[in-house]
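In what follows, a structure is listed as structure tokens, so that the remarks can point back to it.
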Amino acid sequence: MSGTRDLLWDSGHLRLEREEARRLMEEGGAPSPQSSDDPLISLKDLDLRFGDHVVLDGISLDVWSGETVCILGGSGAGKSTILRLILGLIKPNGGQILVRGRDVATASREELLELRKDMGMVFQEAALFDSLTVYDNVAFYLHEHEDLPEEEVARRVDESLRMVDLDPEQVEDLLPAELSGGMKKRVGIARALIHQPSILLYDEPTSGLDPITTRTIDDLVLKLQRELGVTSVVVTHDIRSAFRIGNRVALLFGGEIVFQGTPEEMMESGDGYVREFLH
Ligand SMILES: Nc1ncnc2c1ncn2[C@@H]1O[C@H](COP(=O)(O)OP(=O)(O)O)[C@@H](O)[C@H]1O
Ligand SMILES: [Mg+2]
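Position one of the sequence shown corresponds to residue 2 (our numbering), numbered consecutively onward.
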């Protein structure tokens, strides 16, 4: 498959892939999103500025338990910033970030650490520690934050690597430089899974990958939703990925969420920004 061909906008094809994904999820008994419960993550009227530069201008978005929400936007739109806000790494200039009903922005340090225990972050470009082996990269959180016997750490590292379809025996002793792009992303995901969070935040999980590897990572994101029942926020500029994996998508443009809805609704939207982004 040529890269150019893969990038061509083919809505009929994408629709089919969505159907496939939905069937896959139904067969696997994935949780149905948007239950009557409160949202697990709720962004309310969020403002964020860096100096005079307005990055987020009153954005609101709800994420329900078990669903995958993709935030689409161009480079510099503020996608990574949203994930940093959810993690409580930066504070907003206005608005609220509720995780399980607790405001991350006003949480005490202890509360924040408690909230973060339930969140796994998959960093852009995997952001692995170059000098650490795959084993030590994946074990990082446990080594830093928990006092477990190494036997238990090893068991959990094995489990996480298998969950991302890597063979522990083959990869544990390798250094990041010895891994392919797709394997690095998998190790980044295994590292985020190690403390068994119920929320996964992905920053551009398929950036820099070829179309075929991108697809295998998309399939992995779907598998984790299905098998672990995790709630995911995925920020990406890749529309094809977003449409494959997102139960809902939100489009970030000019500091605002100019569209949110299902991929089907987005495809059918007559909104000018949406059409421009899709094309
Ligand atoms: N720490 C920071 N200080 C100043 N400006 C920043 C900082 N982090 C991000 N920005 C700016 O905020 C905007 C959004 O950044 P980011 O969230 O990283 O975009 P994206 O992930 O969508 O590419 C960009 O214009 C970026 O230059
Ligand atoms: Mg970014």
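The C-beta atom is built at its ideal place from N, Cα and C for all residues, glycine as well.
Quick caveat: nothing in here was measured; it's all calculated off a predicted structure.
- With a beta-carbon spacing of about 30 Å, residue 138 and residue 56 fall beyond the 8 Å limit used to define contacts.
- Taking C-beta atoms as the reference points, residue 186 and residue 127 count as a pair closer than 7 Å.
- With a 10 Å radius around the Cβ and a threshold of 16 neighbouring Cβ atoms, residue 171 comes out exposed.
- Of the heavy atoms belonging to ligand 2, at least one sits nearer than 6 Å to the Cβ of residue 81.
- Closest option to residue 146, judged by alpha-carbon separation, among 123, 117 and 166: 117.
- If you draw a straight line from the Cα of residue 206 to the Cα of residue 152, it comes to about 30 Å.
- Taken in chain order, the complete beta strand (DSSP E) segments of 3 or more residues contained in the segment 168-205 are 200-204.
- The C-alpha of residue 77 lies about 43 Å from the C-alpha of residue 150.
- Cβ contact annotation for residue 100 (same chain, cutoff 6 Å, sequence separation greater than five): 42 and 116, in chain order.
- For residue 221, there is no enclosing beta strand (DSSP E); the enclosing alpha helix (DSSP H) covers residues 212-229.
- Cβ neighbours of residue 108 within its own chain (closer than 7 Å, five residues either side excluded): 89 and 116.
- Under the DSSP definition of a beta bridge, residue 95 partners with 48.
- Taken atom to atom, the span from the alpha-carbon of residue 123 to that of residue 202 is near 6 Å.
- One thing to note: residue 219 has its Cβ within 7 Å of the Cβ of residue 242.
- Only residues of its own chain outside the window of five on either side were considered, and among them 204 have a CB closer than 6 Å to the CB of residue 81, listed in chain order.
- With fewer than 16 neighbouring CB atoms inside 10 Å of its own CB, residue 178 falls in the exposed class.
- One alpha carbon belongs to residue 97, the other to residue 87, and they sit about 10 Å apart.
- One Cα belongs to residue 230, the other to residue 195, and the distance between them is close to 15 Å.
- Measuring C-alpha to C-alpha distances from residue 131 to each of 237, 176 and 269 identifies 176 as the nearest.
- If you draw a 10 Å sphere on the C-beta of residue 244, you find 16 or more other C-beta atoms in it, and that means buried.
- Taken atom to atom, the span from the alpha-carbon of residue 259 to that of residue 163 is near 39 Å.
- With respect to the C-alpha of residue 249, the residue from 120, 240, 174 and 165 having the closest C-alpha is 240.
- For residue 251, the enclosing beta strand (DSSP E) has its first and last residue at 249-254.
- Non-local C-beta neighbours of residue 169 in its own chain, meaning closer than 6 Å and more than five positions away in sequence, comprise 159 and 162, ordered along the chain.
- Shown here, residue 57 sits in a strand according to DSSP, grouped into three states.
- Taking the CA atoms as reference points, residue 49 sits about 12 Å from residue 255.
- Residue 253 and residue 73 do touch by the CB rule: their CB atoms are close to 7 Å apart, below 8 Å.
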